[in-house]
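Asks: Residue numbering for the sequence shown follows the numbering used here, beginning at 9 and increasing consecutively.
Quick one: structure below, then a few questions.
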Amino acid sequence: ISYTNCLTEIHQNNVSVAENFFLSQNYPNPFNPKTNLEFGIPELGFVSFKIYDVLGNEVATLVNKNLPAGSYSFEWNAVEFPSGIYFYKLTSGNFSEVKKMTLLK
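As structure tokens, then:
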């Protein structure tokens, strides 16, 4: 499945450098059709940020590249996706975390 225009733009937050890896809960949650996602990495590294449906199928890759240390935020537009439970996963270095979000249309 290929979805277009699901990620508006990733922004590096200049407020502070992340001291540890973190993955925040999306907001709003539940959402329709846009939600905000935030994560932080304490060091330069390859970052993978993907979204999966409730069956574990990957439905979107939002980040798949090297990023410098910092906190990042972006808006995910799920207008092309059906209502349901989705999981988002951040992987960088030895860190990996998954959180759940709900799309209600």
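Each residue gets a CB set at the ideal place from its N, CA and C atoms; glycine is no exception.
Tell me the DSSP secondary structure of G53 in three-state form.
Replies: For the purposes of this step, residue 53 is identified with residue 45 of the sequence shown, where counting begins at 1. Strand at G53.
Asks: Cα-Cα, which of A26, E105, E88 and V71 is closest to L112?
Replies: By 1-based counting over the sequence shown, the position of residue 112 is 104. Out of A26, E105, E88 and V71, E88 has the C-alpha closest to the C-alpha of L112.
Asks: Just the C-alpha distance for F29 and L52, rounded to the nearest angstrom, thanks.
Replies: Along the sequence shown, read from residue 1 onward, the residue named residue 29 stands at position 21. Along the sequence shown, read from residue 1 onward, the residue named residue 52 stands at position 44. Roughly 11 Å between the two C-alpha positions.
Asks: Where do the ends of the beta strand (DSSP E) carrying A26 lie?
Replies: Translated into positions along the sequence shown, residue 26 becomes position 18. No beta strand (DSSP E) holds A26; DSSP gives it neither H nor E.
Asks: Hey, out of E66, E105 and V71, whose CA is closest to F54's CA?
Replies: Looking up residue 54 in the sequence shown gives position 46. It is V71.
Asks: Alpha carbon to alpha carbon, how far is N40 from L63? Give it in angstroms, no decimals.
Replies: Locating residue 63 in the sequence shown gives position 55, counting from the first residue. Locating residue 40 in the sequence shown gives position 32, counting from the first residue. Going from the Cα of L63 to the Cα of N40 covers about 20 Å.
Asks: Between the beta-carbon of W84 and the beta-carbon of K42, is there less than 8 Å?
Replies: One-based indexing of the sequence shown puts residue 84 at position 76. One-based indexing of the sequence shown puts residue 42 at position 34. Their beta carbons are under 8 Å apart, which means W84 touches K42 by this criterion.
Asks: L98 bridges to which residues according to DSSP?
Replies: Working through the sequence shown from its first residue, we reach residue 98 at position 90. Paired residues: F57 and E105.
Asks: Verify whether the separation of the beta carbon atoms of S79 and G101 is less than 8 Å.
Replies: Along the sequence shown, one-based indexing puts residue 79 at 71. Along the sequence shown, one-based indexing puts residue 101 at 93. No.
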